[in-house]
Amino acid sequence: MSNQSTAGRRVLSLILLIAGVCLLVGALVLDFTGSTLTFRGPMLIIGAIGIIIGAYLYPTVKHHRKIINVLFLFPLLFTFAVTVIIPLILGVFYSLTDWNGIRFNDFVGLENYTTMFNEPAFIWSILITILFVVFNMILVNVVGFLLALLCTSNLKGLGFFRASYFLPNLIGGIVLGYIWQ
C-alpha cells in the first residue's frame with residue numbers, strides 16, 4: 002500500500018470518526034434538551050456506523066484485528082450503553098432540573114436532593130427498607146439453614162420430608178414432560 006493511499010485512508014477514517022462522534026453527541030444533546038425532533042434515532046445509528054467504518058478504515062493490520070474484536074463486542078456494548086449508561090446519565094441530569102416529564106423549566110442544582118433529605122417520609126422509608134432487608138436476610142438464612150439441617154439429619158421419616166421438600170422442584174419438569182410427550 003502506498004503512502005498516499007495510506008494517508009488518504011487515515012484522513013477518511015478520521016473524518017468518519019469525528020462525524021460519528023459529532024452525530025452521537027448531537028443526538029444526546031437533542032435528548033437532553035427535550036427536543037421533539039424525530040431524527041435522533043437515525044443520528045445515533047449513522048453516528049455509530051460512522052465510528053465503526055472510520056475505525057475499520059484506519060490503516061494498520063494490527064489495528065484491524067482489534068477493530069474486528071470490538072465489532073463482535075459492539076452489540077453487547079451498545080445494548081449496555083443504551084439500557085444502563087445513558088439512562089443513568091439522564092437520570093442524574095433530570096434530578097438536577099425541575100423536569101415535569103414533558104419539558105424543562107429550570108436547572109435547580111441540588112435543590113431536589115435537599116428537599117428529599119429534609120422530608121420526614123423519606124427518612125422513614127429508608128428506615129423501613131433497612132429493617133426489611135435485615136429481617137428478611139436473617140429469616141431467609143435461618144429458615145434455609147434449618148431446612149438443610151433437617152434434610153441431612155438422621156430423623157425418622159426423613160425420606161418423606163425430603164420428598165415433600167423437593168417435590169415442588171420436580172412438578173414443573175413433570176408437567177412439561179406430560180405436555181410435550
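So for the sequence shown, the working numbering puts the first residue at 2; every next one is plus one.
Yeah, the Cβ is synthetic: ideal placement off N, Cα and C, and Gly gets one too.
{"Asked": "Along the chain, where does the alpha helix (DSSP H) that runs through Ala49 open and close?", "Found": "Arg41 to Leu58"}
{"Asked": "Can you grab the Cα-Cα spacing for the pair Arg10 / Thr130, in whole Å?", "Found": "58 Å"}
{"Asked": "Pick helix, strand or coil for Thr7, following the three-state DSSP scheme.", "Found": "helix"}
{"Asked": "Taking the alpha-carbon of Leu15 as reference, which of Tyr57, Gly27, Thr39 and Met44 has the nearest alpha-carbon?", "Found": "Tyr57"}
{"Asked": "Can at least three beta-carbon pairs, one atom from the region 46-54 and one from the region 15-29, be found at a separation below 8 Å?", "Found": "yes"}
{"Asked": "Helix, strand or coil: which one does DSSP assign to Thr98?", "Found": "strand"}
{"Asked": "Per DSSP, which residues does Phe108 bridge with? Please list them.", "Found": "Thr98"}
{"Asked": "Quick check on the DSSP output: the alpha helix (DSSP H) that includes Ile86 runs from which residue to which?", "Found": "Note, Ile86: premise wrong, no alpha helix (DSSP H); not H, not E."}
{"Asked": "Quick check on DSSP: helix, strand or coil for Lys157?", "Found": "coil"}
{"Asked": "With a threshold of 16 other CB atoms inside 10 Å of the CB of Ala28, please say whether the residue is buried or exposed.", "Found": "buried"}
{"Asked": "Answer with buried or exposed for Leu111, where buried requires no fewer than 16 other C-beta atoms within 10 angstroms of its C-beta.", "Found": "exposed"}
{"Asked": "With 16 as the cutoff for other CB atoms within 10 Å, does Met117 come out buried or exposed?", "Found": "exposed"}
{"Asked": "Using the rule of at least 16 other Cβ atoms within 10 Å of the residue's Cβ for burial, across every protein chain shown, is Met1 buried or exposed?", "Found": "Any question about residue 1 goes unanswered here, given that the chain covers just 2 to 182."}
{"Asked": "Taking the CB atoms as reference points, tell me whether Asn113 and Leu132 lie closer together than 9 Å.", "Found": "no"}
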